[in-house]
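*Asks:* In order, the protein sequence lines correspond to chains A and B. According to our numbering, the residues represented by the first sequence are 1 to 222, in order. According to our numbering, the residues represented by the second sequence are 1001 to 1386, in order. All C-beta atoms, glycine included, are put in the ideal place defined by N, C-alpha and C. Structure below; questions to follow.
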Amino acid sequence: MREGNAASGTAASGESDEDDAALITRSLADPEQFAALFHRHAPVIQRYVTRRIGADAADDVVAETFLVAFRQRAGYRTDCVDAVPWLYGIATNLVGRHRRTEVRQLRLLSRSGVDPVAEPFTDRVDDRVSAASASARLGAGLARLPAAQRDALLLVAWGGLSYDQVAIATGAPLGTVQSRISRARKRLRRSLGDLDPGVAEGPGPSQSVPRRILQHSLSEEV
Amino acid sequence: MNELELLTNFRDQIPLTEPSTAVANAVLAGLRSEEVVGLDVLLSRSPRPAGVAGHGAGNVGGARRPRLATRRRLALAAAGAGAVLAAAGSLLSAGHGPRPETPPPPIAWSGRLTVMPQDSGYPNVGRARTEAQLVDYATRAAAATPARTPSPHDWVYIETEVADSTAGHGGFMFGAPDERTVGLQWVRVDWREYASLGPIPASLPPGTKVRGHISISPGGGMGTVGGWRSVSYSYLNSLPTDPAKLAAVILAANGIRAPRITTHASVAIFTAIQTLLASQTSGTWIPPKLAPAMYRLLQELPGVKFDSATDLAGRTGLGFYMMIGYYKQELVVNPVTYAFMGQETIAVRAHQIVGTDGTSDIRKGQVLGWFALLDVAIVRHLGQLP
Chain A
1 MREGNAASGT AASGESDEDD AALITRSLAD PEQFAALFHR HAPVIQRYVT
51 RRIGADAADD VVAETFLVAF RQRAGYRTDC VDAVPWLYGI ATNLVGRHRR
101 TEVRQLRLLS RSGVDPVAEP FTDRVDDRVS AASASARLGA GLARLPAAQR
151 DALLLVAWGG LSYDQVAIAT GAPLGTVQSR ISRARKRLRR SLGDLDPGVA
201 EGPGPSQSVP RRILQHSLSE EV
Chain B
1001 MNELELLTNF RDQIPLTEPS TAVANAVLAG LRSEEVVGLD VLLSRSPRPA
1051 GVAGHGAGNV GGARRPRLAT RRRLALAAAG AGAVLAAAGS LLSAGHGPRP
1101 ETPPPPIAWS GRLTVMPQDS GYPNVGRART EAQLVDYATR AAAATPARTP
1151 SPHDWVYIET EVADSTAGHG GFMFGAPDER TVGLQWVRVD WREYASLGPI
1201 PASLPPGTKV RGHISISPGG GMGTVGGWRS VSYSYLNSLP TDPAKLAAVI
1251 LAANGIRAPR ITTHASVAIF TAIQTLLASQ TSGTWIPPKL APAMYRLLQE
1301 LPGVKFDSAT DLAGRTGLGF YMMIGYYKQE LVVNPVTYAF MGQETIAVRA
1351 HQIVGTDGTS DIRKGQVLGW FALLDVAIVR HLGQLP
């Protein structure tokens, strides 16, 4: 599942053949060397973040991912030659600040079939509904997952991380990661298998007068 | 295809691209300075849309709706709560300084469900009974409504009722619409912050006290809506009201070149209008003159028909509808306030959708989607009601 240009230790731009750990170590003395890490891995991080929270918020998160990584590079484990899991972990933590945006976009997709991130619009509206139905069901399933399960599942599915790497990225024990991913996959399969064409049509909704919220009160939670 | 493969396909809908120049410059500048400066300084924010005044300018609160005796007012549980809320709102809305490291605390909220009279949007010039009257009355009402550009730090309050099915949904309801919920949202005009409360069961009897928490989240900035170049207030307010010119703008945004309105072009225009009106449920604020212009365009569009209609909340209105393949898409408009009330999508014949993960059988008469826009207004502060 790992993208070809994010293969461990290889240089995408030809700037260096060093692995990520060596690059990071060199950047301690020469900070601008860290740029090679950015050029090497930014596209996959950008796509991961964009898929999760949309293009508008993604730029800030991607830049902050690498700046946080730069700040923390002195503590990087040099036995990990591939820094991608580390970067995905930082990005996932930052994506967590945009949790509501993510869930809102997933719910919009699930209700309307329109992907607010990718926005597939074909000339034929009928094709648009057909093409969107699988994504819409995915959106519904992902939106319903607890955040920790969604993070773990997407780090595997979209980041190509192993369970061990997800444990390192999220700071959770391996057993917890395995459990989260197992539960997430089960829930997602249930969402995707929701269709029951044999359900009989029920009565329509009651013709009620709309209700409104009145006499509300606000207080800051202590 | 299993769920992991579907997830991979879902991710792959986003192309792998290099980050923008702004991102690259921000990171490289940080490396050179050997210290990380706050991102609000390094990254340039989206430029303010042309015509949008700065914070504090304009006077939108209440401008579109007369203050009636029956309207809701904010009742605060404690004397200091309003000041606390206002202070929190101004901190979040300042747009200056570094992004807060931790989100603001959730705000406790409570209220009672009760029956309210129909809200008034534009000034009423008559009850429309035909599409021609709707277009005429709405146009006149819009002309009498001053267009006040909302401040980027004002909030759009949205109240919606949505139908759902216990059989599940995935772009459409899989079974009968046997569940209804009400949701409240506050979306900052510049879409930088967002908060919501709900879902609240629509079946709760009047007088039920509802409690919850409003949590503020980053809004991610202004998004886009399918079929439109932009949904910023300034852009929408700049659009022509002449039906032919408005149609040309919509067709250009959809990459359709047609010397005349073909069936394909007509569907694209109807879908774009439906999408924009529906996007009010996500915080789009439509200028007063644009809705009547869209109604006029619908009135003239080949394939669009008109009928009386009832929305999900039981309100009677005027319906513009179009048959699109196997389904009917209906938009419901308030005949008194001329505001968009909601929409319904219903299959008019049996249909089979073949997807990459299987086949869905749609039954004739199946309700695919249904919602009512109960209220939408500009408010000054988060948590406030109109």
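In chain B, which residues lie less than 8 Å from R73(A) when you measure between Cβ atoms?
*Replies:* Position 73 of the first sequence, counted from the start, is the residue given in the question as residue 73(A). Ordered by position in chain B, no residue passes the 8 Å Cβ test against R73(A), which lies about 10 Å from the chain.
*Asks:* In chain B, what lies closer than 9 Å to E32(A) by C-beta?
*Replies:* As a position in the first sequence, residue 32(A) is number 32, starting the count at 1. Those are L1028, L1031, R1032, listed as they occur along chain B.
*Asks:* Using the rule of at least 16 other Cβ atoms within 10 Å of the residue's Cβ for burial, across every protein chain shown, is E1437(B) buried or exposed?
*Replies:* Coverage of chain B is limited to positions 1001 through 1386, which leaves residue 1437(B) absent and any answer about it impossible.
*Asks:* Nearest to Q46(A) by alpha carbon, out of F1340(B), E1018(B), A1022(B)?
*Replies:* Sequence index remark: in the first sequence, residue 46(A) carries index 46 (1-based). Of the listed residues, the one whose Cα sits closest to Q46(A) is E1018(B).
*Asks:* Can you tell which of W1186(B), A1350(B), T1345(B) has its C-alpha closest to the C-alpha of Q1280(B)?
*Replies:* Working through the second sequence from its first residue, we reach residue 1280(B) at position 280. Measuring from the Cα of Q1280(B), the nearest candidate turns out to be W1186(B).
*Asks:* Measure from the C-beta of I1378(B) to each C-beta in chain A and report whether the shortest distance is under 8 Å.
*Replies:* On the second sequence, residue 1378(B) is found 378 positions in, with the first residue counted as 1. By this cut-off, I1378(B) is not an interface position.
*Asks:* In chain order, which beta strand (DSSP E) runs of at least 3 residues are fully inside the segment 1315-1360 of chain B?
*Replies:* You should have 1316-1324, 1327-1333, 1340-1347, 1351-1355.
*Asks:* Three or more C-beta pairs under 8 Å: does that hold for the segment 1236-1256 of chain B against the segment 1190-1200 of chain B?
*Replies:* With a cut-off of 8 Å, the segment 1190-1200 of chain B and the segment 1236-1256 of chain B do not count as touching, because too few Cβ pairs lie within range.
*Asks:* Are the C-beta atoms of H1169(B) and some chain A residue less than 8 Å apart?
*Replies:* What you label residue 1169(B) is simply residue 169 of the second sequence in a count that begins at 1. Answer yes: the Cβ-Cβ gap between H1169(B) and chain A drops below 8 Å somewhere.
*Asks:* Please list the partners that F1010(B) has in chain A, where partner means a Cβ-to-Cβ separation under 7 Å.
*Replies:* Along the second sequence, read from residue 1 onward, the residue named residue 1010(B) stands at position 10. Simply S135, L138.
*Asks:* Quick check: L23(A) and A42(A), are their CB atoms within less than 8 Å of each other?
*Replies:* Your numbering for residue 23(A) matches position 23 in the first sequence. Your numbering for residue 42(A) matches position 42 in the first sequence. Not in contact: L23(A) and A42(A) (Cβ atoms no closer than 8 Å).
*Asks:* Give the interface partners of Y1194(B) over in chain A, defined as CB-CB distance under 9 Å, in chain order.
*Replies:* Indexing the second sequence from 1 puts residue 1194(B) at position 194. Per Cβ cutoff of 9 Å: R100, T101, R104.
*Asks:* Is it right to say T1130(B) is buried, meaning 16 or more other beta carbons lie within 10 angstroms of its own, or is it exposed?
*Replies:* Here residue 1130(B) refers to the residue found at position 130 of the second sequence. Exposed: under 16 other Cβ atoms inside 10 Å.
*Asks:* Determine whether the Cβ of S1238(B) lies closer than 8 Å to any Cβ atom of chain A.
*Replies:* Along the second sequence, read from residue 1 onward, the residue named residue 1238(B) stands at position 238. It does not: the Cβ of S1238(B) has no partner Cβ on chain A nearer than 8 Å.
*Asks:* Mind listing which residues of the segment 55-83 of chain A have their C-beta closer than 7 Å to chain B's C-betas, in chain order?
*Replies:* Listed in sequence order: D56, A57, D59, D60, V62, A63, E64, F66, L67, F70, R71.
*Asks:* Helix, strand or coil for A29(A), going by three-state DSSP, please let me know.
*Replies:* Working through the first sequence from its first residue, we reach residue 29(A) at position 29. DSSP places A29(A) in helix when its eight states are reduced to three.
*Asks:* Anything in the segment 156-186 of chain A with a Cβ closer than 8 Å to a Cβ of chain B? List those residues in chain order, please.
*Replies:* For the segment 156-186 of chain A, which is checked against every Cβ of chain B, the residues closer than 8 Å are V156, A157, W158, R185.
*Asks:* Give me the Cα-Cα distance between P1106(B) and R99(A), rounded to the nearest whole angstrom.
*Replies:* Counting from 1 along the second sequence, the entry for residue 1106(B) is found at position 106. Counting from 1 along the first sequence, the entry for residue 99(A) is found at position 99. C-alpha separation (whole angstroms): 14 Å.
*Asks:* Less than 8 Å separating the beta-carbons of Y1326(B) and R1363(B)?
*Replies:* Position 326 of the second sequence, counted from the start, is the residue given in the question as residue 1326(B). Position 363 of the second sequence, counted from the start, is the residue given in the question as residue 1363(B). Cβ distance not < 8 Å, so Y1326(B) and R1363(B) don't count as in contact.
*Asks:* Tell me whether the beta-carbon of G141(A) lies closer than 8 Å to the beta-carbon of R187(A).
*Replies:* The residue you call residue 141(A) lines up with position 141 of the first sequence. The residue you call residue 187(A) lines up with position 187 of the first sequence. The answer is yes: Cβ separation under 8 Å.
*Asks:* Using only alpha-carbon positions, find the residue among A1132(B), L1298(B), V1332(B) that is nearest to L1312(B).
*Replies:* For this step, residue 1312(B) is matched to residue 312 along the second sequence. Among A1132(B), L1298(B), V1332(B), the Cα nearest to that of L1312(B) belongs to V1332(B).
*Asks:* Please identify the residue among R1188(B), L1184(B), T1345(B) whose C-alpha is closest to the C-alpha of I1214(B).
*Replies:* One-based indexing of the second sequence puts residue 1214(B) at position 214. Among R1188(B), L1184(B), T1345(B), the Cα nearest to that of I1214(B) belongs to L1184(B).
*Asks:* Would you decide whether D1242(B) is buried or exposed? Buried here means 16 or more other CB atoms lie within 10 Å of its CB.
*Replies:* Here the question's residue 1242(B) lines up with position 242 in the second sequence. It is exposed - the Cβ of D1242(B) has fewer than 16 other Cβ atoms within 10 Å.
*Asks:* For A1024(B) and I1286(B), I'd like the C-alpha separation in whole angstroms.
*Replies:* Here residue 1024(B) corresponds to residue number 24 of the second sequence, with the count starting at 1. Here residue 1286(B) corresponds to residue number 286 of the second sequence, with the count starting at 1. Going by the C-alpha atoms only, they are around 35 Å apart.
*Asks:* Cβ closer than 7 Å: which chain B residues qualify as neighbours of R26(A)?
*Replies:* On the first sequence, residue 26(A) is found 26 positions in, with the first residue counted as 1. Per Cβ cutoff of 7 Å: no residues; R26(A) is ~13 Å from chain B at best.
*Asks:* Residues of chain A with a CB under 7 Å from the CB of P1152(B): which are they?
*Replies:* The residue labelled residue 1152(B) in the question sits at position 152 within the second sequence. The premise fails here: P1152(B) is roughly 15 Å from chain A at the closest Cβ pair, so nothing lies under 7 Å.
*Asks:* Compare the Cα-Cα distances from R73(A) to each of T25(A), P85(A), D115(A), E64(A) and report the closest residue.
*Replies:* Residue mapping note: residue 73(A) aligns to position 73 of the first sequence, counting from 1. Among T25(A), P85(A), D115(A), E64(A), the Cα nearest to that of R73(A) belongs to T25(A).
*Asks:* In chain B, which residues lie less than 7 Å from A35(A) when you measure between Cβ atoms?
*Replies:* Taking the first residue of the first sequence as 1, we reach residue 35(A) at position 35. Here the neighbours are L1028, L1031.
*Asks:* Residues of chain C with CB closer than 9 Å to the CB of S1230(B), please, in chain order.
*Replies:* Looking at the structure shown, chain C is missing, and the protein chains on hand are A and B.
*Asks:* Closest to A1013(B) by CA distance: which of R77(A), R185(A), R52(A) is it?
*Replies:* For this step, residue 1013(B) is matched to residue 13 along the second sequence. With the sequence shown as reference, residue 1013(B) is identified as Gln, and Ala is not the correct amino acid for it. Q1013(B) has its Cα closest to that of R52(A), out of R77(A), R185(A), R52(A).
*Asks:* Can you give the beta carbon distance from M1341(B) to R1315(B), rounded, assuming they're within the 8 Å contact cut?
*Replies:* For the purposes of this step, residue 1341(B) is taken as residue 341 along the second sequence, with counting starting at 1. For the purposes of this step, residue 1315(B) is taken as residue 315 along the second sequence, with counting starting at 1. Going by Cβ atoms, the distance from M1341(B) to R1315(B) rounds to 6 Å, so yes, they are a contact pair.
*Asks:* Using a beta-carbon distance cut-off of less than 8 Å, what residues from the segment 1279-1308 of chain B approach chain A?
*Replies:* Within the segment 1279-1308 of chain B, the residues whose Cβ lies closer than 8 Å to some Cβ of chain A are S1282, listed in chain order.
*Asks:* Does the pairing of the segment 165-185 of chain A with the segment 137-156 of chain A give three or more beta-carbon distances under 8 Å?
*Replies:* Yes: the two stretches touch, three or more of their Cβ pairs being nearer than 8 Å.
*Asks:* Does the segment 1262-1270 of chain B come into contact with the segment 1294-1304 of chain B, if we say contact requires no fewer than three beta-carbon pairs (one atom in each stretch) closer than 8 Å?
*Replies:* Short answer: they touch.
*Asks:* Let me see if you follow: with CB-CB separation under 8 Å, is E1330(B) close to chain A or not?
*Replies:* The residue given as residue 1330(B) occupies position 330 in the second sequence. Output row for E1330(B): interface = no.
*Asks:* Under the rule that 16 or more other beta-carbon atoms within 10 Å means buried, what is P1288(B), buried or exposed?
*Replies:* Along the second sequence, one-based indexing puts residue 1288(B) at 288. Per the 10 Å Cβ criterion, buried.
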